[in-house]
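Start counting the sequence shown at 193; every next residue gets the next number (our numbering).
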Amino acid sequence: MYKILKKNWDRSKYFLFSGVIVIFLLLLTVIYKSDEKISKISENKNNSYNVTDLKELKEFILDQIISPYTNIDYEIKKGDTIQKILQKYKIQNKEIQIVINQYKKYGNPNTLLVGNKIDIIIEKILPTNKNSLLKFSVPITKSTAIEIVKNTENEIISKKIITKLYKRKVLSENIIKKNLYSSAVEASINPDTIIEFARIFGFEIDFQRDIRKNDYFKIVYEKYFDENGEFVKSGSILYAHMTVNGREVSLYKFGTDKDYGYFDINAKSVEKALMKTPINGARLSSPFGMRKHPISGFNKMHQGTDFAAPTGTPIMASGSGTITRAKWCGGGGNCIQIKHNSTYETIYAHMSSFAKGMRVGKKVRQGQIIGYVGSTGISTGPHLHYEVIVNGKKVNSQTLKLPSGKILKDNERKQFEIHRIKTDVLIAELIDKKN
Ligand SMILES: [Zn+2]
C-alpha cells in the first residue's frame, strides 16, 4: 500500500515537475519574442514617427491573435488582370465576377497600371479553402482610386475616391450690391466659405443692419483641386477683410491647424462667446420686447428675436457648447437648447428639422449647423425664434454686450506680427497675379 502510494507520488511529482519546466520554457519564449518586438519598436522611435510605432504595435498585437482577415498590399505586375489577381487569393468566383462588373463602370479590368499598389482585404470562409473579398482598392490615376467594398448588407459596391488633392491659395473680392451672400456667390466663392466668412465677421458686423450698398469684402482662402484642376472642396480662410459703412476691418487666421483664431491688426481676437446672428441672409422680423402676438392677439413679452428666412436655411450654434434639449417643445415646435458655459444658454425654435446627430449631450462648436429654418409649433411662417439666456434670465441678444476677445501678448504677439507681414505679402502677390 505504502509502496504504491509512494510510486504514485513519484509519478505525479514527475509530471508536476516536467509541467513546470514546459510552462517555464513557454513563458521564456513569449518573453523573449515580445522583448525582440519591443526593442524593435523603441529602436524605431529615434528615426521615424509615432505612427510607425503604433503600426508596429498594432501588427504585434495582431500577430498574437489568429485573425480571419488578411490585408494584402499587392503590386500590379505586367499581364495582371483583376480576375488573375483575385484568383491568386482564392476569392469565390461569383465575387470576382461582381468586382469585374463594378470595375467596368470606370475602366478596363484587363489593363491595370503596372507598378501601382492594390489594397486588398480578404476573409477566410471556413471550412472551405476559399476567401471572401471585403475590400479592393485600385488606383486609376495619380489622384483617384476605385474602391470596391462589401457593405453591411453584404453587397459589393464601388465608388471613385480622391486620394490626392492639390491646394491653392486664392483671393476673391467683390462689392456688395444686394447682400453678402449673392455678392460672394458672384465672386465664385463656395457656400461653405461664405458661411465661415459670415461666422468670423458675425462678431464684428451685424449683417442685418450694418451692411450698406457698395460695401466691400476681400478674402484669401484655400481651395482644393484634383489632378484635372477640377474644384473639390474649399479649405480654411487665411484672411478676411470688410469695408462696412466706411469702417475697415481686416482679420488674420493665426494659430495651429487644430487651435486657431481670427485676430485683427491689433492682435485682438474677434471671437466671442456668442455670435450676434445664428443665421445668414435672414431678416430680423420681430425684436425682443413687448408686442401683440401674431396668433393670440394678446400683448405679450417677446422673449427672443425672430429672423425670417426661407424654410431649410441653415441655423448655426451661436457659440460652442453642449446640447441640453433637442426635441418637440410644444409652441416652439422642433427646438434646440445649448448650454455654452455657466453663464450663457441659447434656444432655437420652430426648426423644420435638426441637423444629423443633434441630440442631448452632443458637443457643438460655434458656427456648426444644428438645424434648419421651419414653421413648426405655433408660428405664422418660416422663421427662427432665437433666445439668449444669461444666468437663467432671457435677454435681448441684439443689444447684449459680450466680453471682448483676448489680445495676443509677448511671444505670441511677435509671432502674430511676423505672420501678419507674411500674409500681407501673400495678398500683394495674389493681387499681382490677378492683374
Ligand atoms: Zn419669436
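C-beta: ideal position from N, C-alpha, C; glycine also. Quick caveat, the model's predicted, so the values are computed rather than measured.
> For the candidate residues 334, 338, 381, whose alpha-carbon lies nearest to that of residue 296?
Replying inline: Here the closest residue by C-alpha is 338.
> If you drop the 5 nearest sequence neighbours on each side, which residues of the same chain put their C-beta closer than 7 angstroms to that of residue 378?
Replying inline: The residues 366, in chain order, have a CB closer than 7 angstroms to that of residue 378 in the same chain once the five nearest residues on each side in sequence are set aside.
>> Using C-beta distances below 6 angstroms, list every residue in its chain close to residue 496, excluding the 5 sequence neighbours before and after it, in chain order.
In response: Once the five neighbours on either side are set aside, the close Cβ partners of residue 496 are 577, 578, 579.
> Just reading off the alpha helix (DSSP H) that residue 608 is part of, what are its end residues?
Replying inline: Membership of residue 608 in the alpha helix (DSSP H) is indicated by the continuous run 602-626.
> Since residue 521 sits in a beta bridge, which residues does DSSP pair it with?
Replying inline: Under DSSP, residue 521 forms no beta bridge with any residue.
>> Am I right that residue 428 and residue 415 are in contact with their C-beta atoms under 8 angstroms? What's the rounded C-beta distance?
In response: Actually they do not touch by this definition, with Cβ atoms about 11 angstroms apart.
> For residue 309, which three-state DSSP category applies?
Replying inline: Here residue 309 sits in strand by DSSP.
> Smallest Cα separation from residue 326: which of 344, 309, 440?
Replying inline: Shortest Cα-Cα distance from residue 326 to any of 344, 309, 440 involves 344.
>> Can you look up residue 278 in the DSSP assignment and give me helix, strand or coil?
In response: Under the three-state reduction of DSSP output, residue 278 falls in the helix class.
> Between which two residues does the beta strand (DSSP E) containing residue 439 stretch?
Replying inline: Secondary structure note for residue 439: its beta strand (DSSP E) is the uninterrupted segment 439-447.
> Is residue 410 closer than 9 angstroms to residue 382 when the C-beta atoms are compared?
Replying inline: At least 9 angstroms separates the beta-carbon of residue 382 from that of residue 410.
> Counting only runs that start and end within the stretch 282-339, where is the beta strand (DSSP E) found for 3 or more residues in a row?
Replying inline: Secondary structure remark: continuous beta strand (DSSP E) runs of at least 3 residues inside the stretch 282-339, in chain order: 309-316, 323-331.
>> With a threshold of 8 angstroms on Cβ separation, who are the neighbours of residue 321 within its own chain once the five nearest residues in sequence on each side are excluded?
In response: Excluding sequence neighbours, residue 321 sits near 282.
> From which residue to which residue does the beta strand (DSSP E) around residue 383 run?
Replying inline: Note, residue 383: premise wrong, no beta strand (DSSP E); alpha helix (DSSP H) at 383-393.
> Cβ of residue 465 versus every heavy atom of ligand 1: is any distance shorter than 8 angstroms?
Replying inline: Here the distance from the Cβ of residue 465 to the nearest heavy atom of ligand 1 is not below 8 angstroms.
> If we count Cβ pairs, one from each stretch, closer than 8 angstroms, do we get three or more for the stretch 555-569 versus the stretch 594-606?
Replying inline: Contact between the stretch 555-569 and the stretch 594-606 is absent: fewer than three C-beta pairs spanning the two stretches fall below 8 angstroms.
> From this set, 272, 288, 324, which residue's C-alpha is nearest residue 260's C-alpha?
Replying inline: For residue 260, the nearest C-alpha among the options comes from 324.
> Alpha carbon to alpha carbon, how far is residue 269 from residue 262?
Replying inline: Straight-line spacing of the CA atoms in residue 269 and residue 262 works out to 20 angstroms.
> Between the C-alpha atoms of residue 614 and residue 459, what's the straight-line distance to the nearest angstrom?
Replying inline: When rounded, the distance between both Cα atoms is 15 angstroms.
> Who are the Cβ neighbours of residue 394 in its own chain at under 7 angstroms, not counting the five residues just before and after it?
Replying inline: Excluding sequence neighbours, residue 394 sits near 467, 468, 469.
>> If we require 3 or more residues per run, which beta strand (DSSP E) segments fall completely within the stretch 392-428?
In response: Those beta strand (DSSP E) runs which fall completely within the stretch 392-428 and span 3+ residues are 407-417.
> At which residues does the beta strand (DSSP E) containing residue 380 begin and terminate?
Replying inline: Premise fails: residue 380 is in no beta strand (DSSP E) and is neither H nor E.
>> How far does the beta strand (DSSP E) with residue 362 in it extend, from its first residue to its last?
In response: DSSP places residue 362 inside the beta strand (DSSP E), whose first and last residues are 358-368.
> Quick one, which of 306, 407, 403, 389 has its alpha-carbon nearest residue 430's?
Replying inline: The candidate whose alpha carbon is nearest that of residue 430 is 389.
>> If you measure from each CB to the nearest heavy atom of ligand 1 and keep those under 5 angstroms, what residues do you get, in chain order?
In response: Residues whose Cβ lies closer than 5 angstroms to any heavy atom of ligand 1, listed in chain order: 496, 498, 577.
> Is it true that the stretch 602-609 meets the stretch 529-546, where meeting means three or more beta-carbon pairs spaced less than 8 angstroms apart?
Replying inline: Flag = no, the stretch 602-609 and the stretch 529-546 do not touch.
> Between residue 491 and the rest of its own chain, which residues show a CB-CB distance below 8 angstroms, the 5 nearest in sequence each way excluded?
Replying inline: Cβ within range, chain order: 482, 483, 484, 485.
> In terms of DSSP beta bridges, what is residue 261 paired with?
Replying inline: DSSP links residue 261 through a beta bridge to 315.
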